[in-house]
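Presented below is the structure to which this report refers.
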Amino acid sequence: MKYSIGIDLGGTYIKAGLLAADGKLSCRMVVSTCVDEGARAIATRIAQTIYQIIELAEKEDKKEIVGIGLGAAGLIIADSGVIHFSPNFPGWSDVPLLNYVTEELGGLDLPLYIDNDVNAMVLGELHHGAGVGYENAVGLTLGTGVGGGVVINRKVYHGSWNTAGELGHTVVQPDGRKCGCGNHGCLEAYAGARHIVERTQQQIAEGKKTCLDSGVLTPKQIAEAATAGDELALNIWAETGRYIAVALTSIAHILNPQIAIIGGGIAAAGENLLFQHIREEFTKRTMDIPGGMEIVPAKLGNDAGFVGAAMLVYNN
Ligand SMILES: [Zn+2]
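Start counting the sequence shown at 33; every next residue gets the next number (my numbering).
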């Protein structure tokens, strides 16, 4: 059996694990990222984690490790392993993380690949999660921001300059809400966590009847209120589903993927509040695409990051 090491580099934690070719995870580890200590110190910690996993793997007689993959949020230049920028690492600009980690690994003779975390997530879901059996998939992660990834013929599609797959910045409303990217009306400006809260607060301010308190509000509370039958909250989720469907309609017409996989904390709103609205609106809007496009929740949950990262080894 072949194994690869996957590392999910987040702003708070470095999560890592060993993925077997059959999709089974073992030797999981979580260490603090300690962002403030800078890129070099983080590279050191990543390298230490890699060595610890190799040690654990050897104890369990899992010796045939073929490579290491690392996923991180932001614009990652996969060819060179450079983090152009990352929302998790403010101030980082063109940090050559692959070189740093390689230096820290000393003479370790294993290939190392770095890519965007959502690209990795879609790859992981395609091989071992919600997209098993498919070749072409797109993915969205609905969290603080809305991440995207595209996998074509079972490989991540990077585009000409590594910026492909920014599906969260598909415009769904030309003169709409201001997005963090500088544009107006991006999907992220409607389906990102903060934006869902702000849209709710706006409707409360307009005097719509609700049990929700405008003060401290989270998407989870909005989902709970909706489940309890609160009309404003139900409407917020229906609208959110509609915006996601508008984006997916364009994406389906451009790429014709077999499946769209949707993960992240916001996707936990689930079938009744979110997914059924996405599918309904998507069906209304798309051309009659033979074979259609499945729209499903991600399956790998908290493991998606490092399963995907470990799959980067096979992507290359
Ligand atoms: Zn945007």
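The beta-carbon is built from N, C-alpha and C at its ideal position, and this holds for glycine as well. Keep in mind the model is a prediction, meaning the values are calculated, not measured.
Could you pull out every unbroken beta strand (DSSP E) segment of at least 3 residues lying fully inside the segment 132 to 192, listed in chain order?
-> 144 to 148, 169 to 174 and 178 to 184
According to DSSP, residues forming a beta bridge with H216 = K210
DSSP state of L332 mapped onto helix, strand, coil = coil
Would the beta-carbon of G212 be found less than 7 angstroms away from any heavy atom of ligand 1?
-> yes
Would you identify the three-state DSSP class for K316, choosing helix, strand or coil?
-> helix
So G337 packs on A152, CB below 8 angstroms; how close in whole Å?
-> 7 angstroms
Would you give the residue range spanned by the alpha helix (DSSP H) that V229 belongs to?
-> A225 to A237
Do L305 and A255 have their C-beta atoms within less than 8 angstroms of each other?
-> yes
Anyone know if the C-beta pair for A53 and M33 falls short of 8 angstroms?
-> yes
Determine the closest residue to G197 out of V345, D147 and V229, with distance taken between C-alpha atoms.
-> D147
Would G191 be called buried (16 or more neighbouring beta carbons within 10 Å of its own) or exposed?
-> exposed
Would you mind giving the Cβ-Cβ distance between A225 and P251, rounded to the nearest angstrom? I have them listed as a contact below 8 angstroms.
-> 5 angstroms
Hey, is E230 close to ligand 1, as in C-beta under 7 angstroms from one of its heavy atoms?
-> no
Mind checking if G138 is an interface residue toward chain D, Cβ cutoff 8 angstroms exclusive?
-> The structure shown has no chain D; it contains just one protein chain.
Taking the C-alpha atoms as reference points, what is the distance between E230 and P206?
-> 19 angstroms
Leaving out five residues on either side along the sequence, give the residues of the same chain with a beta carbon under 6 angstroms from the beta carbon of E167.
-> N185 and R186
Endpoints, alpha helix (DSSP H) assigned at A71 | A71 to K91
Take M319 and list the residues in its own chain whose beta-carbon comes closer than 8 angstroms to its own, dropping the five residues that flank it on each side.
-> H285
On the premise that G181 lies in contact with V154, defined as a C-beta separation below 8 angstroms, what is that separation, rounded to the nearest angstrom?
-> 4 angstroms
Quick one: is D40 buried, meaning 16 or more other Cβ sit within 10 Å of its Cβ, or exposed?
-> buried
Mind checking whether V98 and I115 have CB atoms under 8 angstroms apart?
-> no
Within 10 angstroms of its Cβ, does W193 collect 16 or more other Cβ (buried), or is it exposed?
-> exposed
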